[in-house]
Amino acid sequence: MDHFNFKDGELFAEGCSVRSLAATHGTPLFVYSRTTLEQHWFAFDNAFGDYPHQIHYAVKANGNLAVLGVLAKLGSGFDIVSGGELKRVMAAGGSAGKVIFSGVGKLEWEIELALDVGIECFNVESMAELERIARIAKARGKVAPISMRINPDVDAKTHPYISTGLKDNKFGVSLERALSCYEFAHQHPNLSVLGVACHIGSQLTELSPLEDAMDRLLEFVKKLRTTGIEIKVVDFGGGLGVRYQDEMPPLPDQYWQALLTRMQAHDLTLPVAIEPGRALLGNAGIMVTRVEYIKAGEVGKFCVVDAAMNDFIRPALYGAYQEIINVDQEPDSKAAVYDVVGPICESADFLGKDRTLAVKPGDLLAIRTAGAYCFALSSNYNARARAAEIMVDGEAAHVVRKRESLEDLYALESLIE
Ligand code: LLP
Numbered sequence: 040m041d042h043f044n045f046k047d048g049e050l051f052a053e054g055c056s057v058r059s060l061a062a063t064h065g066t067p068l069f070v071y072s073r074t075t076l077e078q079h080w081f082a083f084d085n086a087f088g089d090y091p092h093q094i095h096y097a098v099k100a101n102g103n104l105a106v107l108g109v110l111a112k113l114g115s116g117f118d119i120v121s122g123g124e125l126k127r128v129m130a131a132g133g134s135a136g137k138v139i140f141s142g143v144g145k146l147e148w149e150i151e152l153a154l155d156v157g158i159e160c161f162n163v164e165s166m167a168e169l170e171r172i173a174r175i176a177k178a179r180g181k182v183a184p185i186s187m188r189i190n191p192d193v194d195a196k197t198h199p200y201i202s203t204g205l206k207d208n209k210f211g212v213s214l215e216r217a218l219s220c221y222e223f224a225h226q227h228p229n230l231s232v233l234g235v236a237c238h239i240g241s242q243l244t245e246l247s248p249l250e251d252a253m254d255r256l257l258e259f260v261k262k263l264r265t266t267g268i269e270i271k272v273v274d275f276g277g278g279l280g281v282r283y284q285d286e287m288p289p290l291p292d293q294y295w296q297a298l299l300t301r302m303q304a305h306d307l308t309l310p311v312a313i314e315p316g317r318a319l320l321g322n323a324g325i326m327v328t329r330v331e332y333i334k335a336g337e338v339g340k341f342c343v344v345d346a347a348m349n350d351f352i353r354p355a356l357y358g359a360y361q362e363i364i365n366v367d368q369e370p371d372s373k374a375a376v377y378d379v380v381g382p383i384c385e386s387a388d389f390l391g392k393d394r395t396l397a398v399k400p401g402d403l404l405a406i407r408t409a410g411a412y413c414f415a416l417s418s419n420y421n422a423r424a425r426a427a428e429i430m431v432d433g434e435a436a437h438v439v440r441k442r443e444s445l446e447d448l449y450a451l452e453s454l455i456e
């Protein structure tokens with residue numbers, strides 16, 4: 040469900056004409072829909088109903104301050120993986136007390152900052168990290184709330200680069216090792232055990248790997264109980280997929296029913312936490328790009344656009360399919376098959392391959408499902424300024440990140456003699 044729809048053959052983002060947005064703000068351009076984002080958040084929140092739960096939005100999917108601010112206003116929590124993300128959350132009005140800190144390589148200063156502002160929980164990924172947090176907490180006279188991130192060794196059946204719950208992945212600790220971590224934390228005066236956590240991967244389109252992971256996690260919670268360690272919250276991570284092409288990912292309701300069924304099967308009624316990123320933002324954004332050239336190759340045709348892999352790297356990095364559509368539907372125009380490519384000097388610089396499109400230079404195209412992991416992964420490769428970001432809210436369009444200037448790109452650099 041999103042709010043990017045055609046009216047009289049022209050694409051609109053809520054009440055705003057995408058063509059007008061491109062004319063005013065230039066291209067490439069990211070456009071987010073506030074209403075879509077809010078609806079997605081409420082789809083999760085309503086799915087849980089009265090059951091005690093917390094949604095921690097995974098900031099890495101899209102850390103724009105306006106996105107974080109909209110979610111903070113809804114009362115969302117946040118899942119962060121760096122001190123930089125923590126700063127962003129606080130700058131956007133998020134509450135530190137609803138922040139959980141994930142990630143395998145938490146730095147000293149990041150742990151210090153997180154302790155000083157009083158985050159809700161550290162999701163800890165190794166004994167070494169647990170010891171580091173304990174040492175820093177002791178030095179600052181604090182008690183750090185912790186959950187261990189368990190690696191349940193299940194196959195999430197997603198792209199290998201975004202699969203995180205197998206034992207050869209760098210993430211989390213095995214169930215066996217987790218036990219000694221909890222014993223250490225339980226006895227340490229500067230640590231307090233809050234929960235258990237896991238996150239097995241991203242863009243999951245089936246529930247069964249999640250159910251397997253839940254079973255292992257809940258079994259472990261019961262085992263901990265027998266050693267006198269009480270778990271107060273179970274964090275199932277993020278990972279719910281979205282539709283890019285023809286995937287049919289479970290809906291938040293189905294996801295919650297599966298979690299609840301597993302909890303009941305284990306006779307547990309613990310508060311739950313989740314860390315969705317893509318499912319909240321993915322379909323709440325598009326990227327708009329302009330066709331520059333149509334080029335005939337020896338084998339096929341290329342549609343050269345003004346956006347490139349620096350703006351939008353998912354196709355190049357994961358071979359990801361992203362739907363590409365015309366912003367203006369022109370019924371009489373003739374379609375052909377194109378590779379949609381950008382101006383960057385790499386053969387991996389494509390946004391879509393073998394796409395049937397009716398296009399000519401000057402036309403606008405929109406890439407759908409561009410709200411998550413698109414701007415967030417963008418770079419300045421080939422000295423290209425990053426795109427502007429707009430958030431629409433009904434008929435209002437807010438510039439939530441200005442287009443970078445070319446001078447911005449070297450503002451931190453200096454010449455030497
Ligand atoms: N929690 C943790 C600990 C994570 O590592 C992640 C994502 C999430 C939550 C949120 O997962 P989500 O609900 O968004 O699936 N750049 C890749 C995705 C990388 C995901 C990394 N971790 C992509 O563009 O597909």
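In this note's numbering, the protein residues as written are 40 to 456. Virtual Cβ for every residue (Gly too), placed ideally from N, Cα, C.
(request) With DSSP as the reference, please indicate the residues paired to R329 in a beta bridge. (result) Here residue 329 refers to the residue found at position 290 of the sequence shown. Beta-bridge annotation (DSSP): R329 is paired with L403.
(message) My parser needs the alpha helix (DSSP H) runs of 4 or more residues fully inside the region 258–331; what are they?
(response) Segments of the alpha helix (DSSP H) lying fully in the region 258–331: 291–304 and 317–320.
(message) Extract the residue ranges of the alpha helix (DSSP H) inside the region 50–107, only unbroken runs of 4 or more that lie entirely within it.
(response) If only uninterrupted alpha helix (DSSP H) runs of at least 4 residues are considered, those enclosed by the region 50–107 are 57–64 and 73–87.
(message) Pop quiz: Y71 and G324 are said to be a contact at Cβ under 8 Å. What is the actual Cβ separation, rounded to whole angstroms?
(response) Translated into the one-based positions of the sequence shown, residue 71 becomes position 32. Translated into the one-based positions of the sequence shown, residue 324 becomes position 285. Right, their Cβ atoms sit about 5 Å apart.
(message) Quick check: is any heavy atom of the ligand LLP less than 8 Å from the C-beta of K262?
(response) In the sequence shown, counting from the first residue as 1, residue 262 sits at position 223. The answer is no for K262.
(message) On the criterion of 16 or more Cβ atoms from any shown chain inside 10 Å, does Q226 qualify as buried, or is it exposed?
(response) Numbered from 1 along the sequence shown, position 187 holds the residue referred to as residue 226. Sixteen is the threshold: since fewer than 16 other Cβ atoms of the shown chains lie within 10 Å of the Cβ of Q226, the residue is exposed.
(request) Would you identify the three-state DSSP class for A374, choosing helix, strand or coil? (result) Here residue 374 refers to the residue found at position 335 of the sequence shown. Here DSSP, grouped into helix, strand and coil, assigns A374 to coil.
(request) Give a yes or no on whether the C-beta atoms belonging to I175 and L154 are separated by under 9 Å. (result) The count along the sequence shown starts at 1 and reaches residue 175 at position 136. The count along the sequence shown starts at 1 and reaches residue 154 at position 115. In this structure, I175 lies near L154, with their beta-carbon atoms less than 9 Å apart.
(message) Going by C-alpha to C-alpha distance, which of C413, L403 and D432 sits closest to G65?
(response) Against the sequence shown, residue 65 aligns to sequence position 26. Ranked by Cα distance from G65, the first of C413, L403 and D432 is L403.
(request) Assign N101 to one of two classes, buried (16 or more other C-beta atoms within 10 Å of its C-beta) or exposed (fewer than that). (result) Residue 101 sits at position 62 when you count from the first residue of the sequence shown. With 16 or more Cβ atoms within 10 Å of its Cβ, N101 is classed as buried.
(request) Can you give me the Cβ contacts of I352 inside the same chain, cut-off strictly under 6 Å, excluding the 5 residues immediately before and after it? (result) Within the sequence shown, the letter at position 313 stands for residue 352. The answer, listed in chain order, is L416.
(request) Would you kindly check if the distance between the Cβ of A173 and the Cβ of L230 is under 9 Å? (result) Walking along the sequence shown from the start, residue 230 turns up at place 191. Walking along the sequence shown from the start, residue 173 turns up at place 134. Yes, these two residues count as a Cβ contact at 9 Å.
(message) Using the three-state DSSP reduction, which class does E222 fall into: helix, strand or coil?
(response) Residue 222 sits at position 183 when you count from the first residue of the sequence shown. E222 carries a helical assignment under DSSP once its states are collapsed to helix, strand and coil.
(message) Using a Cβ-Cβ distance cut-off of 9 Å, determine whether L169 contacts chain C.
(response) Chain labels in this structure do not include chain C; a single protein chain is all it has.
(message) Taking the beta carbon of K137 as the centre, do at least 16 other beta carbons fall within 10 Å, making it buried, or is it exposed?
(response) In the sequence shown, counting from the first residue as 1, residue 137 sits at position 98. Around the beta carbon of K137, a 10 Å sphere encloses 16 or more other beta carbons of the protein chains shown; the residue is thus reported as buried.
(message) Give me the residue from F210, R282, I364 and A312 with the minimum Cα distance to A411.
(response) In the sequence shown, the residue the question calls residue 411 occupies position 372. A411 has its Cα closest to that of R282, out of F210, R282, I364 and A312.
(request) Please work out which residues of its chain come closer than 7 Å, Cβ to Cβ, to F87, disregarding the five sequence neighbours upstream and downstream, and give them in chain order. (result) Locating residue 87 in the sequence shown gives position 48, counting from the first residue. The answer, listed in chain order, is W295.
(request) May I ask whether a heavy atom of the ligand LLP can be found less than 8 Å away from the beta carbon of K99? (result) Residue numbering aside, residue 99 sits at position 60 when the sequence shown is read from its first letter. The nearest non-hydrogen atom of the ligand LLP is less than 8 Å from the C-beta of K99.
(message) Which residue marks the beginning of the alpha helix (DSSP H) containing L448, and which one marks its end?
(response) Numbered from its first residue, the sequence shown carries residue 448 at position 409. In the DSSP assignment, L448 falls within the unbroken alpha helix (DSSP H) covering L445 to L448.
(request) Would you kindly work out how many angstroms separate the C-alpha atoms of D447 and V439, rounded to a whole number? (result) Here residue 447 corresponds to residue number 408 of the sequence shown, with the count starting at 1. Here residue 439 corresponds to residue number 400 of the sequence shown, with the count starting at 1. Between the alpha carbons of D447 and V439 lies a distance of about 17 Å.
(message) Assuming D393 is part of the beta strand (DSSP E), what are its boundary residues?
(response) As a position in the sequence shown, residue 393 is number 354, starting the count at 1. F389 to L396 is the span of the beta strand (DSSP E), which, as asked, contains D393.
(message) Does the distance between the C-beta of V193 and the nearest non-hydrogen atom of the ligand LLP fall short of 8 Å?
(response) Along the sequence shown, read from residue 1 onward, the residue named residue 193 stands at position 154. No, since every heavy atom of the ligand LLP falls outside the 8 Å radius drawn around the Cβ of V193.
(message) Using DSSP's beta-bridge definition, name the partner residues of E428.
(response) Counting from 1 along the sequence shown, the entry for residue 428 is found at position 389. In the DSSP output, where bridge partners are listed per residue, E428 has F69 and R440.
(request) Could you tell me which residues DSSP puts in a beta bridge with M187? (result) Locating residue 187 in the sequence shown gives position 148, where the first residue counts as 1. Bridge partners of M187: V163 and V235.
(request) Hey, could you find the ends of the beta strand (DSSP E) G116 is sitting in? (result) Here residue 116 refers to the residue found at position 77 when the sequence shown is read from its first residue. That run of the beta strand (DSSP E) goes G116 to I119.
(message) Using a Cβ-Cβ cutoff of less than 6 Å, which residues in the same chain neighbour D432 once the five nearest sequence positions on both sides are dropped?
(response) Position 393 of the sequence shown holds residue 432. The beta carbon of D432 sits closer than 6 Å to those of R73, all from its chain and outside the five residues before and after it, given in chain order.
(message) Just to confirm the assignment, what range does the beta strand (DSSP E) spanning K46 have?
(response) Counting from 1 along the sequence shown, the entry for residue 46 is found at position 7. Per DSSP, K46 belongs to the beta strand (DSSP E) from F43 to K46.
(message) DSSP three-state label for A335, please.
(response) The residue labelled residue 335 in the question sits at position 296 within the sequence shown. In the structure shown, A335 sits in a strand (DSSP, three-state: E or B).
(request) Would you kindly work out how many angstroms separate the C-alpha atoms of S134 and V156, rounded to a whole number? (result) Taking the first residue of the sequence shown as 1, we reach residue 134 at position 95. Taking the first residue of the sequence shown as 1, we reach residue 156 at position 117. Roughly 9 Å between the two C-alpha positions.
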